[in-house]
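One structure is given below, encoded as structure tokens.
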Amino acid sequence: MILVLPTKELIDQAIEAVLNFNDEKACEIAQEALELGVDTQYLLEHGFHATLALMKNMFDEGKIYLPHMIAAAEAVEAATKIMMPASKENAPVNSKGVVLLGTIEGDIHSIGKDIVATSLQIDGYEIIDLGVDVPVETFVEMAIKFNPDLIATSALMTITMTNQLTLEKSLREAGIRDRLKTMVGGTPVTPEWAMEIGADIYGADASDAVRKINSIMWPEKEETLIISKKNCPEHVCY
């Protein structure tokens, strides 16, 4: 089946559905996309997920409130459930790698994590989502159990960022840090923080996370854009 890019009108409708917290309309658009043979991955990324990411920025700036974010996320989730099977069919047959991710202990925010998880899954990665408020010990236990290629953690509050540092230390103490990569993200997280704690990647948003994970997992295919202690700050802040 040959897929076509969604029209601007369809993308605009997706954006409007999220902005209006309209689950029913979001589902209608998703179903229409499937019937038209539209590239659902493109529609998810540039329509639904892009709008949710924009609203998350507005939430962080205090322009909208938590109920708005929850309602918008529910609309996106409804559309994603309909289009995800088709998107997964368009993804590579073989998994590009296993990503273990979750929101770090003390933090119950899930929207940013969910967008990253969906984007990575669409791009061909196997996702093990531990959810929110995940203890450092659980990350370590699950890393030993599932042997992922990468652990990604999100922290949406400054007071929970320190648990990302604790995780780095705990992975080293468990003797498994050298066999996997780590990525950190979240509103207060910065490239400098990632470098300071020894994380391999700083993900600014879902698209940035996918691009950087691809570059570190498949360096022969893309430019290497990873964070290491040898990188200068100018290289980190791209």
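Going by full-length UniProt numbering, the final residue of the sequence shown carries number 238, and the count climbs one at a time with no gaps. Ideal Cβ placement from N, Cα and C applies to all residues, glycine included. Quantities reported herein were computed from a predicted structural model and do not represent experimental measurements.
N-terminal and C-terminal residue of the beta strand (DSSP E) that residue i is part of
| i | result |
| --- | --- |
| Ser-154 | 150 to 154 |
| Lys-113 | No beta strand (DSSP E) holds Lys-113; the alpha helix (DSSP H) holding it covers 111 to 122. |
| Val-38 | Counting along the chain, Val-38 falls outside any beta strand (DSSP E), and DSSP gives it neither H nor E. |
Residue i (DSSP reduced to helix, strand or coil)
| i | result |
| --- | --- |
| Lys-63 | coil |
| Ile-11 | helix |
| Leu-184 | In the sequence as displayed, the identity of residue 184 is Val instead of Leu. Three-state DSSP puts Val-184 in a strand. |
| Ile-201 | strand |
| Ile-108 | coil |
| Thr-158 | helix |
| Thr-138 | helix |
| Val-99 | strand |
| Val-4 | strand |
| Asn-163 | helix |
| Thr-190 | coil |
| Leu-19 | helix |
| Asp-133 | coil |
| Ala-143 | helix |
| Gly-175 | coil |
| Ala-75 | helix |
Separation of residue j from residue i, as counted between CA atoms
| i | j | result |
| --- | --- | --- |
| residue 242 | Asp-200 | There is simply no residue 242 to check, as the chain begins at 1 and stops at 238 in what is shown. |
| Met-195 | Gly-102 | 20 angstroms |
| Gly-97 | Lys-56 | 28 angstroms |
| Ile-11 | Leu-43 | 6 angstroms |
| Leu-120 | His-68 | 25 angstroms |
| Ala-17 | Glu-24 | 8 angstroms |
| Thr-160 | Ile-122 | 28 angstroms |
| Asp-133 | Gly-186 | 14 angstroms |
| Ala-72 | Ala-53 | 10 angstroms |
| Phe-59 | Ser-110 | 13 angstroms |
| Lys-212 | Thr-80 | 23 angstroms |
| Val-4 | Gly-198 | 42 angstroms |
| Gly-203 | Asp-178 | 20 angstroms |
| Leu-19 | Met-84 | 21 angstroms |
| Lys-169 | Ile-70 | 33 angstroms |
| Asn-147 | Val-116 | 20 angstroms |
| Asn-163 | Pro-191 | 16 angstroms |
| Gln-13 | Ala-206 | 22 angstroms |
| Pro-135 | Glu-35 | 43 angstroms |
| residue 257 | Met-217 | Summary: the structure shown does not reach residue 257, with the chain confined to residues 1 through 238, and so no result is reported for it. |
| Ser-95 | Val-184 | 22 angstroms |
| Thr-158 | Glu-105 | 12 angstroms |
| Asp-149 | Ser-215 | 13 angstroms |
| Asp-129 | Glu-45 | 19 angstroms |
| Ile-29 | Ala-50 | 16 angstroms |
First and last residue of the uninterrupted alpha helix (DSSP H) at residue i
| i | result |
| --- | --- |
| Glu-126 | Premise fails: Glu-126 lies in the beta strand (DSSP E), 126 to 129, not in any alpha helix (DSSP H). |
| Val-210 | 206 to 217 |
Neighbour-count burial assignment, residue i, 16 or more Cβ in a 10 Å radius
| i | result |
| --- | --- |
| residue 239 | Any property of residue 239 remains undetermined from this structure, which presents the chain solely from 1 to 238. |
| Gly-62 | exposed |
| Glu-9 | exposed |
| Ile-108 | exposed |
| Gln-31 | exposed |
| Leu-66 | exposed |
| Gly-37 | exposed |
| Gly-112 | buried |
| Pro-6 | buried |
| Glu-173 | exposed |
| Glu-234 | Summary for Glu-234: the model assigns pLDDT 38, below 50, so the residue's position carries little reliability, and this model does not support an answer. |
| Ile-151 | buried |
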